[in-house]
Amino acid sequence: RKNNYYICNMKKWASYFALAVLIAGCSSSDVSEDGKKMDEITYLYQDANQPFDKRFKDYLTNAVGIEEGENYTLNTYKEHLNDDEIEEIIFTINRKEFAFKQAKQNNAVAKHSSVDYFGNHNFLVIYNSKTKQFTSPIIFGSSAYKPLTLTFENIGPYKHKDMIIEYRIGDARFRKYFLFNNPNGKINYAFRWTVFEDWNKGSEEATCFSYAKGSRSDYKDIILTKAKLKPLKEGDNYNLIDGEIECGTEVVKRFFFNPQDGKYYTADL
């Protein structure tokens, strides 16, 4: 039986990821410049006794890397992500200006442009209103041109919501599902699918998503149906506009939730 959970045309996107890694030149260390271990450092954003605005500014600087004077896009949401009756605050952060500035400084505008400024430029942050703590930022490798799109849905057998995030890589859009089904607050990345791709090559194929009563668990099944993507007009820049999708009724696949590993699978070949 074929497992379709991680189906993705990775070969097609290999040039994006390979070049982006070279461009980023990322490195990490568990030790700070003064020799302290990173988990021993206390930042202002970790101190719940400090004003929220100061904590959030410190978080953006030290956890996300926002530079002084940087223009960035910040969207704020409030939603119940657990059963404590207190809404969490969710932030999405887009660093498009930083991506352009970095490319120019490194004399690599052509390279960045060739992969539609793909990189670690989109972030998602959750602030737990009960514990008064920020989560570590969730980084989405994606095009810098577009911020994350965030919606919420009741997927699991509980009152609080789960989170659905869409992001762009070039002329393609992808969707990820994050479930909040752990009492300890850990986020479960449960499902990923392509919304559309090859938009700039004339493709009109797309996917719509709906939900039905779970066929193998108390979690809702995810239903994929065929959809039509509105073609680009002459002169349109796919990086700057959103794709318009008209949903159809033909079911492509149905995915069920497996509680044992917290992922979605399909029996459809």
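Numbering (the numbering used here), first residue to last: 232 to 500. The beta-carbon is built from N, C-alpha and C at its ideal position, and this holds for glycine as well.
Relative to the C-alpha of residue i, which residue among the options is closest?
{"i": "threonine 480", "options": "Phe365, His311 and Ala437", "result": "Ala437"}
{"i": "tyrosine 450", "options": "Lys461, Phe486 and Glu477", "result": "Phe486"}
{"i": "threonine 307", "options": "Glu299, Ile317, Phe322 and Asp315", "result": "Phe322"}
{"i": "glutamine 364", "options": "Ala458, Tyr290 and Phe354", "result": "Tyr290"}
{"i": "valine 483", "options": "Ile386, Ser441, Asn413 and Tyr348", "result": "Ser441"}
{"i": "asparagine 419", "options": "Leu305, Gly445, Asn293 and Tyr408", "result": "Tyr408"}
{"i": "isoleucine 476", "options": "Gln491, Thr456 and Asn468", "result": "Thr456"}
{"i": "threonine 382", "options": "His311, Pro414 and Ile317", "result": "His311"}
{"i": "alanine 458", "options": "Ser446, Cys478 and Ser448", "result": "Cys478"}
{"i": "glycine 445", "options": "Asn385, Arg404 and Asn468", "result": "Asn385"}
{"i": "phenylalanine 331", "options": "Pro282, Cys439 and Glu301", "result": "Glu301"}
{"i": "leucine 355", "options": "Glu299, Ser434, Ala294 and Asn468", "result": "Ala294"}
{"i": "glutamine 491", "options": "Asn413, Arg404 and Tyr469", "result": "Asn413"}
Just verifying my parser: in three-state terms, what is the DSSP assignment at residue i?
{"i": "leucine 379", "result": "coil"}
{"i": "glutamate 397", "result": "strand"}
{"i": "threonine 480", "result": "strand"}
{"i": "alanine 339", "result": "coil"}
{"i": "glutamate 384", "result": "strand"}
{"i": "valine 346", "result": "coil"}
{"i": "glutamate 328", "result": "helix"}
{"i": "lysine 361", "result": "coil"}
{"i": "tyrosine 389", "result": "coil"}
{"i": "lysine 309", "result": "strand"}
{"i": "phenylalanine 283", "result": "helix"}
{"i": "leucine 291", "result": "helix"}
{"i": "phenylalanine 248", "result": "Note that phenylalanine 248 scores 48 on pLDDT, short of 50, meaning its location in the model is unreliable and no value can be drawn from it."}
{"i": "asparagine 553", "result": "The structure shown has nothing for residue 553, since the chain only spans 232 to 500."}
{"i": "alanine 334", "result": "helix"}
{"i": "tyrosine 276", "result": "helix"}
{"i": "glycine 493", "result": "coil"}
{"i": "leucine 471", "result": "coil"}
{"i": "phenylalanine 354", "result": "strand"}
Can you check whether the CB of residue j is closer than 8 Å to the CB of residue i?
{"i": "tryptophan 430", "j": "leucine 463", "result": "yes"}
{"i": "arginine 399", "j": "serine 374", "result": "yes"}
{"i": "phenylalanine 219", "j": "asparagine 313", "result": "With the chain running from 232 to 500 in the structure shown, residue 219 is simply not present."}
{"i": "tyrosine 540", "j": "isoleucine 453", "result": "What is shown of the chain runs 232 to 500, which leaves residue 540 out entirely."}
{"i": "asparagine 353", "j": "phenylalanine 329", "result": "no"}
{"i": "tyrosine 347", "j": "tyrosine 376", "result": "The sequence given here has aspartate at residue 347, not tyrosine. In this structure, tyrosine 376 lies closer than 8 Å to aspartate 347 by Cβ."}
{"i": "alanine 421", "j": "glycine 493", "result": "yes"}
{"i": "phenylalanine 427", "j": "glycine 387", "result": "no"}
{"i": "arginine 423", "j": "arginine 447", "result": "no"}
{"i": "phenylalanine 287", "j": "tyrosine 276", "result": "yes"}
Short of 8 Å in beta carbon distance, which residues of its chain neighbour residue i, apart from the five on each side in sequence? Order them along the chain.
{"i": "alanine 255", "result": "Confidence at alanine 255 is low in this model, with a pLDDT of 43, below 50, so the placement of that residue should be treated as unreliable; the coordinate-derived value is given next. Within the same chain, alanine 255 has close Cβ partners Gly350 and Asn351."}
{"i": "lysine 432", "result": "Asp402"}
{"i": "serine 434", "result": "Phe427, Glu428 and Leu460"}
Looking only at its own chain, which residues have a Cβ that is under 7 Å from the Cβ of residue i, when we skip the five neighbours before and after it?
{"i": "aspartate 315", "result": "Lys361"}
{"i": "isoleucine 317", "result": "Ser360 and Lys361"}
{"i": "lysine 267", "result": "For lysine 267, the predicted model reports a pLDDT of 48, less than 50, meaning its position is unreliable and no value from the coordinates is stated."}
Looking only at its chain, what residues have a beta carbon closer than 6 Å to the beta carbon of residue i, apart from the 5 residues adjacent to it on each side?
{"i": "aspartate 499", "result": "Lys484"}
{"i": "threonine 304", "result": "Asn325 and Pro378"}
{"i": "alanine 334", "result": "Val340 and His343"}
{"i": "isoleucine 357", "result": "Glu319, Ile321 and Thr366"}
{"i": "cysteine 439", "result": "Thr456, Ala458 and Cys478"}
(message) Check whether the region 313-333 and the region 383-397 touch, using three or more Cβ-Cβ pairs below 8 Å as the test.
(response) yes
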